[in-house]
Every structure is written in C-alpha cells, then in structure tokens.
Amino acid sequence: MFVGHQHDLRPQATAHLATTMSFLQLSTAELEAQLQQTLDKNPALELVDELRCPQCGKRLARYPCPRCAAPQDNDGLVVCLSQRTTFQSEPRDDDEQDFARDLRAPDRLDEYILQQIGPALTFAERPIAAYILARLDEHGLLPETASEIAAYTRARLVEVERVLSLIQHADPPGVGAHTPQASLLIQLDCLAENAAPATRPTLALARLIVEKHFETLGRHDLTRIARQLHVACSSVEAAADFIQRNLTPYPTLAFWGEGKLINPGNEDALTPDITISFLNRAEQGGSLLVEVFTPFSGWLRVSPELKAALHDCASEERERWSQAVMEAALVTKCLQQRNHTMRRLMRLIATEQRAFILGGDGDLHPLTRARVARELAVHESTISRAVAGKSAALPDGRIVPLSKFFDRSLSVRDRVRLLVEAETRPLTDDQISDCLAQQGLQVARRTVAKYRKMLGILPANIRARRHHRSITFIQ
DNA sequence: CTATGGCACGGATT
DNA sequence: AATCCGTGCCATAG
C-alpha cells in the first residue's frame, strides 16, 4: 500500500519530498517495482555494474572517489546499491544468557499445511485451499463458514467442505475449525485414529463432553456433567484431564509451541529487508554485520552521456530530456537518503537491541521511535516510515518485523510466559502481577490479563495443569 | 468474596 | 490528529 507513482511532472520541491518519503517507507520488494518502472521509463537513469572514477579512472568501491577530489558537480547523482554496514557493538558486561537457543520450527503455518495437503488437491481446489489458509485467524481458527467461503470463491459447497476437511485433519490438527469446540472435536477424532484400546473409553467420553456439554465444561462444572451423563464423577474428571492435557482450543498454539503467533496477513515476514548476522565465527561478543537489502546490485546513476548531450539538441527535446535528467537525479538522491537513513537506523537498533538479537524476546529493551528520532536528529515520522513494513532476519534465523524492536511490552510478556510455564499450580493474574513486582516490574493486574490473552494462555481457573506444547499420541 | 473480562479514559506514541 | 496501550472501574460468573 504505497502511493502510486506520479506520472505527471510536479514542481520539484513537492516531488522531492514525496519521493524521499515514499521511498523510505517502501519495502525492498516494493522499491524494486518502483525502481524498475522508473528505469524502464526514464533513459536518463542507468544501472551499471561497476563504477570508475571520472578523474583517475580507477574502479570504485565507494563514491565519491577517496583518492581524487570528489567531483562536486556530480554530487548526489550516483548511488551505490550494495549496502553493507558493519560495526562493533559494545561488549556487554552483565548477563550470561549465552546458552544456545533452540532453532525455530517451520515458519509459516499456511505453507506447512499446503505442503501436506497439496498432493491431495485437484487443480481447481488449490485456490480454495489458499483462500481458506489466508483467512485463518491467529489461533488457526476460521471465522467464516463453509458456505461463505463457497460464495466468495465461487466454488461448490461440497468442494469447499472437502478442502476444509483436508486442512482440518492436517498436522496441527483442528486448524480451520469454525469454533474452538469444533476444533477440539477434530483433534479428538485425529487422536482416536491412533488410540490404544485402553484409552478408548476416556476418548469417547471426552468427545461426548466436548460435543454436548462444552458450555458446562468451560465452567468446569464437572459434577454437573457427571450427573447429566449418568457417569462416575471420576470418569468425567479423567476425561476433563485428558482434554486439558492433550487438546488445545487454539490449534496453532499447540503447533508453534510457546506462544509464537503467526500473522497470516503479514507476508512481509517472509522476505526480510535486512539481515543481521555474526561478522565472523566469533559468535557472541563479536561484532554484528548488518546488511540492508537493495533491489539491484551495482550503481545507479544519471547517465553522463545524456547529461552531456543535453546542450546540443533542439529546445523542444531539451525540455523533455532535462526533465528526465532532473527526475533521475532526484531518484538517486532520494535513494541515497533512504540508504543513509536505513543504515543509521539499523546501526542504532543493532547496538541498542543487541541482547534481543542474540537472545530472545525477554531481552528486548524498551525503545521508542521518538527516542531514535531524537538520537539520529531526524523527524519522528521519518523513523516511522523507515520502520513500517520492513522486517529483519536475525542471526538465529528468526525473521521479525522492525516494529518488534519497538514493542513496549514484549519482554514483560515473555516474563509472564515463563512464569506460567514454570508454575506448579495455576497462578491468578493478581499473583502473576505480584511476581512481576518482585522482579521490579510494576504491572497492573488488568494488564497481566491482557498479556495472557495475547499469549493465548487460558485464565487460571480453567488451566488446571500445565498445558502440553503439542498433541502427543496416547499409550 | 475472588478472579476475569468489557468498556472506556488519559496519556504516550506514531 | 489519529492510534495504541496501560489501567481503573464495574459487572458478572463461580
């Protein structure tokens, strides 16, 4: 979602401003499209593999030429498109969070599922599957009904239902269900296929409870269920415990483990605009290499030939070409600006959030765009634009949107997650709040509740025991 | 009475 | 100026 390229020729001042701004907020892919378009249309702008100094003729790795006096008149007409910024970040004295973090599981849920069901799909069913997967919410549930999907994809209901069934029975079982209840039922069915005979009765009872007494189960009124089903209370308890232990109302959580949510609408997490890696093998403690991706490699410049030829041509032509040259100069200048800003921004982020880059969510320091803007002496909106819609690949393979570096509460959320993971008996929101206070974090009870919800953790009275990270086979 | 979730307000952030 | 976020208050369920 970017502002369309202006085909008309505006007064320079506005055009400059507009281009600088819009370039900055473009992701690499979007920038590539824009640039390609401009390259095709504007003969004054050219892309060259290597650049030679107009004075000494030497091949340049930097512009302007470090040896010769910089050609002042050409200033701003050339931009290098291979960006590499390296720097040392301060060695840290305190913590020793140097243990290896486990590497990430597969990245995208929709791809993962598509991989599984792909072979079973007919050609016509593929778009339906793609649509459904795109519409999953962050818990892996499907807000729309099958008939709505059918209407939207102009497919027959039976086809949609078939695809839906495939998705629901693919690996994180229960994905694509309409409600948590439906999801649980599907998960139970999947479990039933491999169930050992001994667990069959429990399984059957669990299914019955979920199907007919879901509401009551939610209130944890087990005795009532037992009474209505004419079953022993202990059996109901066993079934409830089984459900608690092996199922999750949020299928993706089971799959992604501890609270790593994916955002299906956010495809820019796939193609990072920036990579951060270790400069040498010296792993921790060394410097970080930050690399800002650019659409093309090489140099972008205003064609010197065309510029020279400007003088001797008809005045009518000259008008148009001079416009073209100016636009080309503008584009390169803006690109320089963009690169400069991105480089400075990333340097700051990488030093400031070194702990987070090396470690995990809990190590994120609070950082605001406003502060970055102040330190870099640019306007706040500049930082906003620079951050918007871009993502960075971290040394350990995580791909995070740049906005994550500015998440105010990520580290606290992580603390909450750890607390709940380590709990022996369910902690109430108030207790969690107290624990946090002991760690020096003053967080209101109400806020803990919000974080809990964000993490997909059920309220204390519902989660009797720790929940498992994935559905395991029963023996 | 306790634990939560909903609504909404104020201040910070973008 | 618009939006986001933490939080307090209140209703509700157990």
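Numbering (my numbering), first residue to last: 33 to 507.
In this text, a Cβ means the ideal position worked out from N, Cα and C, and glycines have one as well.
#### Entry: Start-to-end residues for the alpha helix (DSSP H) that takes in residue 159
One-based indexing of the first sequence puts residue 159 at position 127. Unbroken alpha helix (DSSP H) run through residue 159: 157-166.
### DSSP bridge partner residues for residue 307 (one or two, in chain order)
Translated into positions along the first sequence, residue 307 becomes position 275. The partner list for residue 307 (beta bridge, DSSP) reads 323 and 425.
#### Entry: Local conformation of residue 181 per DSSP, three classes
Here the question's residue 181 lines up with position 149 in the first sequence. Residue 181: helix per DSSP, three-state reduction.
#### Entry: Sequence-distant residues of the same chain with beta carbon closer than 7 Å to residue 59, five excluded per side
Taking the first residue of the first sequence as 1, we reach residue 59 at position 27. Result list for residue 59: 300, 305, 421 and 422, in chain order.
### Task
Could you check how far apart the C-beta atoms of residue 439 and residue 394 are, in whole angstroms? I think they sit under 8 Å.
Sequence index remark: in the first sequence, residue 439 carries index 407 (1-based). Sequence index remark: in the first sequence, residue 394 carries index 362 (1-based). About 12 Å; that fails the 8 Å criterion.
### Query
On the three-state DSSP scale, how would you describe residue 336?
Numbered from 1 along the first sequence, position 304 holds the residue referred to as residue 336. DSSP places residue 336 in helix when its eight states are reduced to three.
### Complete alpha helix (DSSP H) runs within the segment 399-445 (minimum length 4 residues, chain order)
401-408 and 412-419
### Query
Is the segment 237-257 close to the segment 205-218, with three or more CB pairs under 8 Å?
yes
### Message
Assuming residue 462 is part of the alpha helix (DSSP H), what are its boundary residues?
### Response
The sequence position of residue 462 within the first sequence is 430, counting from 1. Residues 461-470.
### Same chain, Cβ closer than 8 Å to residue 467, five either side skipped, listed in chain order
Within the first sequence, residue 467 is the residue found at index 435, counting from 1. Excluding residues within five positions, the ones whose Cβ falls inside 8 Å are 451 and 459.
### Message
Within the continuous alpha helix (DSSP H) that includes residue 363, where are the two ends?
### Response
Within the first sequence, the letter at position 331 stands for residue 363. First-last of the alpha helix (DSSP H) with residue 363: 347-384.
#### Entry: CA-to-CA distance, residue 418 to residue 433, given in whole angstroms
Within the first sequence, the letter at position 401 stands for residue 433. Within the first sequence, the letter at position 386 stands for residue 418. If I take the Cα positions, the gap works out to 12 Å.
### Query
Leaving out the 5 sequence neighbours to the left and right, which residues in its chain are closer than 8 Å to residue 476 when beta-carbon positions are compared?
By one-based count along the first sequence, residue 476 stands at place 444. Answer for residue 476: 465, listed in chain order.
### Query
Is the distance from the Cβ of residue 367 to the Cβ of residue 332 below 9 Å?
Start at 1 with the first residue of the first sequence, and residue 367 comes out as number 335. Start at 1 with the first residue of the first sequence, and residue 332 comes out as number 300. Against a cut-off of 9 Å, the Cβ pair of residue 332 and residue 367 comes out as a contact.
### Message
Taking only three categories from DSSP, how would you classify residue 389?
### Response
Translated into positions along the first sequence, residue 389 becomes position 357. In the structure shown, residue 389 sits in a helix (DSSP, three-state: H, G or I).
### Message
For the segment 67-80 against the segment 345-360, do three or more pairs of beta-carbon atoms, one drawn from each stretch, fall closer than 8 Å, so that the two count as touching?
### Response
yes
### Query
At what residues does the alpha helix (DSSP H) containing residue 259 begin and finish?
As a working mapping, residue 259 is identified with position 227 in the first sequence. Start and end: 254-261.
### Query
Shortest alpha-carbon distance to residue 179 belongs to which of 166, 169 and 194?
To locate residue 179, count along the first sequence from 1; it is residue 147. Residue 194 is the option with its Cα nearest to residue 179.
#### Entry: Rounded Cβ spacing between residue 209 and residue 174 (contact assumed at less than 8 Å)
Start at 1 with the first residue of the first sequence, and residue 209 comes out as number 177. Start at 1 with the first residue of the first sequence, and residue 174 comes out as number 142. About 7 Å separates the two Cβ atoms, so the contact holds.
### Task
Compute the beta-carbon to beta-carbon distance between residue 237 and residue 207, rounded to the nearest angstrom, for a pair I have assumed lies under 8 Å.
For the purposes of this step, residue 237 is taken as residue 205 along the first sequence, with counting starting at 1. For the purposes of this step, residue 207 is taken as residue 175 along the first sequence, with counting starting at 1. Actually they are not in contact, since the Cβ atoms of residue 237 and residue 207 sit about 25 Å apart, beyond 8 Å.
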